[in-house]
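Protein sequences appear in the order of chains Z and V.
By the numbering used here, the letter at position 179 of the first sequence is numbered 179, and the numbering carries on one by one without gaps.
By the numbering used here, the letter at position 165 of the second sequence is numbered 455, and the numbering carries on one by one without gaps.
Even glycine gets a Cβ: it sits at the ideal position worked out from N, Cα and C.
As the structure is a computational prediction, the values presented were derived from the model and not from experiment.
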Amino acid sequence: MRSLKYKLGRKIDPAPSIVSYRLMRLLLSPRLRLILTLGLPSLFLFCGTLVFFLNTNIQENIDVLKKDLKRLIVERPEFMIQVAAIDGASDELANEIREIIPLDFPVSYFDLDIKYLHKVVNDIPAVASASIKITVSGVLQIEVLERTPAFIWRKNNLMSVLDVNGNFIRLASSRIDYPELPLIIGEAANLAVSEVSSLMKDNRKFLDQVRAFIRVGERRWDLVLDNNLRILLPQREFLAAFDRMMLMNDSGSLFSGHLSTIDLRLIERPTVRVRGVSMDTLMYNSSGDL
Amino acid sequence: MADLYELQRAMRAMRQSALQRGALAILDLGSTKIGCLILRFDGLDPSLASDQVGSLAGQSSFQVVGSAITRSRGIEFGEISSMQEAERAIRTVLQSAQKMANLRVDHLIACFSGGGPRSYGLNGVVKIENQIVRDEDIARVLSSCDLPDIGDGREILHAQPVNFALDHRSGLVDPRGQIGNNLDVDLHILTVRAKTIRDLAHCVKRCDLELAGVASAAYVSGRSTLVEDEQELGAVCIDFGGGSTSYSIFLKKHMIFAGSIMLGGNHVTRDISLGLQVPMAVAEKIKTKNGGLIATGIDDRDLIEVGGETTGDWEHDRRTVTRSELIGIMRPRIEEILEDVRAQLEIAGFYELKSQKFVLTGGTSQTPGLDTLASRILGQQVRIGRPLRIHRLPQAYSGSSCSALVGLALFAAHPQDEWWDFELPNSSYSSRTVRKAVRWLRENW
Chain Z
1 MRSLKYKLGR KIDPAPSIVS YRLMRLLLSP RLRLILTLGL PSLFLFCGTL
51 VFFLNTNIQE NIDVLKKDLK RLIVERPEFM IQVAAIDGAS DELANEIREI
101 IPLDFPVSYF DLDIKYLHKV VNDIPAVASA SIKITVSGVL QIEVLERTPA
151 FIWRKNNLMS VLDVNGNFIR LASSRIDYPE LPLIIGEAAN LAVSEVSSLM
201 KDNRKFLDQV RAFIRVGERR WDLVLDNNLR ILLPQREFLA AFDRMMLMND
251 SGSLFSGHLS TIDLRLIERP TVRVRGVSMD TLMYNSSGDL
Chain V
291 MADLYELQRA MRAMRQSALQ RGALAILDLG STKIGCLILR FDGLDPSLAS
341 DQVGSLAGQS SFQVVGSAIT RSRGIEFGEI SSMQEAERAI RTVLQSAQKM
391 ANLRVDHLIA CFSGGGPRSY GLNGVVKIEN QIVRDEDIAR VLSSCDLPDI
441 GDGREILHAQ PVNFALDHRS GLVDPRGQIG NNLDVDLHIL TVRAKTIRDL
491 AHCVKRCDLE LAGVASAAYV SGRSTLVEDE QELGAVCIDF GGGSTSYSIF
541 LKKHMIFAGS IMLGGNHVTR DISLGLQVPM AVAEKIKTKN GGLIATGIDD
591 RDLIEVGGET TGDWEHDRRT VTRSELIGIM RPRIEEILED VRAQLEIAGF
641 YELKSQKFVL TGGTSQTPGL DTLASRILGQ QVRIGRPLRI HRLPQAYSGS
691 SCSALVGLAL FAAHPQDEWW DFELPNSSYS SRTVRKAVRW LRENW
């Protein structure tokens, strides 16, 4: 009889062993299968995420990585702005703008807050309006419409430069810096510069003699000429009063230096005050027109 | 008798629970191959749930989800001859079928052709008490049949009421509710050796499954291959297996006789192996590739390379044989089988039936020319039977070699009434129950 117990070599048996058969049946049981296919993986996943989120070290590393990645993109040369070009501004204003904008070139397009920049530039008193754009070649183009100085205003020993609408442009250190600008003096004089402008419109030549326009009581103007003659204009219809005075001056000698004051406040009765020293001349010249 | 009744009832209950769970394994223990199917019962479609047979001949309530076939080991003549080998083979098919189904099954129904099946026709008469036949009357008439001496160590495999008669009015299928005095029943009993069932049960238990039913291969192949009118009018299904050939006679949709002879396709292979001096495997290959039963003139010139084991002797290794010679070897054995079957059928009285139809199935029935030969020996009306198609059965399992497997699936899904489906009449266990109750009272008080 062939030996039933002892076999040489590996027996070739297609049948599964009883252990593997039982294991297969165990794995096919529905509940265990559910646990193995759904329960265990989700448990591992859950534990993994828990460990991940509880570990601050990993989080820090991830933050660093995120920042690095962001820098990598943001700091590409295509996005970098190398220089700011300022158009339409005087050198002085351009320097001021350069100083005031909070940028260290080169700067990335993504780090730029154009709105804020616009506000900052617009907030400069000398700037009437500004537009900011970024050109393709990486230049920050700032186009500025500058306020032109029209008046110099002295108040409390402070000299301010105003534009034609009375807007403050900048402080001036001395009157000598702006010799061609008319000087206006007085409280709230800046609010009424339009009246000065209208005075100056037709009498440019006369006004060369005016040393200062003085606002009196925040309602009317005094003109002080370079020979210390003071012309007091009325509050209303000062233009008409002024024109009338100019008509009176047709003969020429009204501003010659004998008078210290011409009072036009009552338009129907202009008054002059004569200087003490020149009374003689006046008397001497009594056949004159006055 | 009562023990068997309880055992069969237990298996029936297990089958019911398996059907409720929705999964059942089917195992066909053949001498050449072991086949397994995993069935899934998805619940009967309500449109089909009627007392009529539903669509697809009523099998649409289940589908095949797993299937496997392996070469059988440790099984001879349709019964287990080596426990370990058979257990391994069963484990192989069960594992691959369950893997394919991706489903774990716990209950199994098996069929086998061996065990020396013997048929008995029993008769019982009982007097109806209330003139109207009720369930308990049927139970009473079934248990009134006096059992013949079925022999030592044998068990009843099937016990099916075949015919009821009520006051000389015969041919009743369901006598319940009818009025009469005497109820008469014809009971068909199929017995097999008890050892065969015990071995099978042990093997199944070793595979961690519970045996939920056993059936005779002859009966189940008849269920799957005979069409409805053949079952009704009378036909015999002959299942040519590898180790044994079994047959079952059907009449009025009931099996009325079954048996088997211990000859099959393996004997043909053995004859070829002897005759041509080749190993069994080579002989099997020659048989399936070139085998036949009716020789014609051209077969004399049809040379077959015998092959076989290489001995180094050229003359021996390069032998050829004509197909006529091969047919000359195969035909006497097939004729012997057919003549044996005919002799058994004559004893059973099949030739006195009006309709004599022969349906040949099983692996050996694929031999070319078998139907011609069978019509000469058995009778005129012969056809080769293939199993009914069931839902999702793989194509490879639709051949005639799998008719027992498919039939067993049908048997599992749509069993016929058997004796143990009816309650035992009160008289047979009332005294025992009373005695039990008295003993329980005495023990507890």
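Chain Z residues whose Cβ lies nearer than 9 Å to that of residue i
{"i": "residue 389 of chain V", "result": "24 and 28"}
Backbone secondary structure at residue i - three-state DSSP
{"i": "residue 580 of chain V", "result": "helix"}
{"i": "residue 304 of chain V", "result": "helix"}
{"i": "residue 512 of chain V", "result": "helix"}
{"i": "residue 710 of chain V", "result": "helix"}
{"i": "residue 271 of chain Z", "result": "strand"}
{"i": "residue 133 of chain Z", "result": "strand"}
{"i": "residue 261 of chain Z", "result": "strand"}
{"i": "residue 406 of chain V", "result": "coil"}
{"i": "residue 492 of chain V", "result": "helix"}
{"i": "residue 47 of chain Z", "result": "helix"}
{"i": "residue 312 of chain V", "result": "coil"}
{"i": "residue 65 of chain Z", "result": "helix"}
{"i": "residue 344 of chain V", "result": "With a pLDDT of 49 at residue 344 of chain V, under the threshold of 50, the predicted position of this residue should be treated as unreliable, and no value is reported."}
{"i": "residue 233 of chain Z", "result": "coil"}
{"i": "residue 142 of chain Z", "result": "strand"}
{"i": "residue 639 of chain V", "result": "coil"}
{"i": "residue 726 of chain V", "result": "helix"}
{"i": "residue 369 of chain V", "result": "strand"}
{"i": "residue 374 of chain V", "result": "helix"}
{"i": "residue 604 of chain V", "result": "helix"}
{"i": "residue 353 of chain V", "result": "strand"}
Check whether residue i and residue j have beta carbons under 8 Å apart
{"i": "residue 593 of chain V", "j": "residue 610 of chain V", "result": "yes"}
{"i": "residue 175 of chain Z", "j": "residue 125 of chain Z", "result": "no"}
{"i": "residue 370 of chain V", "j": "residue 489 of chain V", "result": "yes"}
{"i": "residue 478 of chain V", "j": "residue 565 of chain V", "result": "no"}
{"i": "residue 702 of chain V", "j": "residue 319 of chain V", "result": "no"}
{"i": "residue 659 of chain V", "j": "residue 691 of chain V", "result": "no"}
{"i": "residue 197 of chain Z", "j": "residue 224 of chain Z", "result": "no"}
{"i": "residue 695 of chain V", "j": "residue 325 of chain V", "result": "yes"}
{"i": "residue 380 of chain V", "j": "residue 527 of chain V", "result": "no"}
{"i": "residue 539 of chain V", "j": "residue 648 of chain V", "result": "no"}
{"i": "residue 231 of chain Z", "j": "residue 264 of chain Z", "result": "yes"}
{"i": "residue 259 of chain Z", "j": "residue 229 of chain Z", "result": "yes"}
{"i": "residue 530 of chain V", "j": "residue 650 of chain V", "result": "yes"}
{"i": "residue 321 of chain V", "j": "residue 550 of chain V", "result": "no"}
{"i": "residue 536 of chain V", "j": "residue 507 of chain V", "result": "yes"}
Neighbouring residues, chain V, relative to residue i (Cβ below 8 Å)
{"i": "residue 13 of chain Z", "result": "378"}
Contacts of residue i in chain Z (Cβ-Cβ under 7 Å)
{"i": "residue 498 of chain V", "result": "22 and 25"}
Paired residues, beta bridge with residue i - DSSP
{"i": "residue 95 of chain Z", "result": "According to DSSP, which records beta bridges pairwise, residue 95 of chain Z is partnered with nothing at all."}
{"i": "residue 211 of chain Z", "result": "None, per the DSSP bridge assignment."}
{"i": "residue 553 of chain V", "result": "Beta-bridge pairing links residue 553 of chain V to no other residue."}
{"i": "residue 537 of chain V", "result": "V/528 and V/549"}
{"i": "residue 450 of chain V", "result": "V/478"}
{"i": "residue 500 of chain V", "result": "V/397"}
{"i": "residue 483 of chain V", "result": "V/444"}
{"i": "residue 672 of chain V", "result": "V/648"}
Contacts of residue i in chain Z (Cβ-Cβ under 8 Å)
{"i": "residue 393 of chain V", "result": "28"}
Chain V contact residues for residue i, given Cβ-Cβ distances below 7 Å
{"i": "residue 16 of chain Z", "result": "381, 382 and 385"}
### Query
Is there contact between the region 491 to 510 of chain V and the region 387 to 401 of chain V, where contact requires at least three CB pairs shorter than 8 Å?
yes
### Query
Do three or more CB pairs link the region 205 to 219 of chain Z to the region 183 to 195 of chain Z at distances below 8 Å?
The region 205 to 219 of chain Z makes contact with the region 183 to 195 of chain Z, as at least three CB pairs between them are under 8 Å.
### Message
Quick check: the region 540 to 548 of chain V against the region 417 to 435 of chain V, are at least 3 beta-carbon pairs closer than 8 Å?
### Response
no
### Query
Within the chosen definition, does the region 297 to 311 of chain V reach the region 510 to 523 of chain V through at least 3 CB pairs nearer than 8 Å?
no
### Stretch pair the region 479 to 488 of chain V + the region 415 to 422 of chain V: three plus CB contacts closer than 8 Å
no
### Message
When you compare the region 69 to 84 of chain Z with the region 102 to 113 of chain Z, are there three or more beta-carbon pairs, one atom per stretch, that lie closer than 8 Å?
### Response
yes
### Task
State whether the region 665 to 685 of chain V contacts the region 556 to 565 of chain V, with contact taken as three or more CB pairs (one from each stretch) at a distance under 8 Å.
no
### Sufficient close CB pairs (3 or more, under 8 Å) joining the region 461 to 480 of chain V to the region 513 to 522 of chain V
no
### Message
Measuring CB atoms only, is the region 597 to 607 of chain V touching the region 624 to 632 of chain V, in the sense that at least three cross pairs come out at less than 8 Å?
### Response
no
### Task
Give a yes or no on contact between the region 65 to 73 of chain Z and the region 38 to 49 of chain Z, applying the rule of three or more CB pairs nearer than 8 Å.
no
### Query
Is the region 83 to 98 of chain Z touching the region 133 to 145 of chain Z, taking contact as three or more C-beta pairs under 8 Å?
yes
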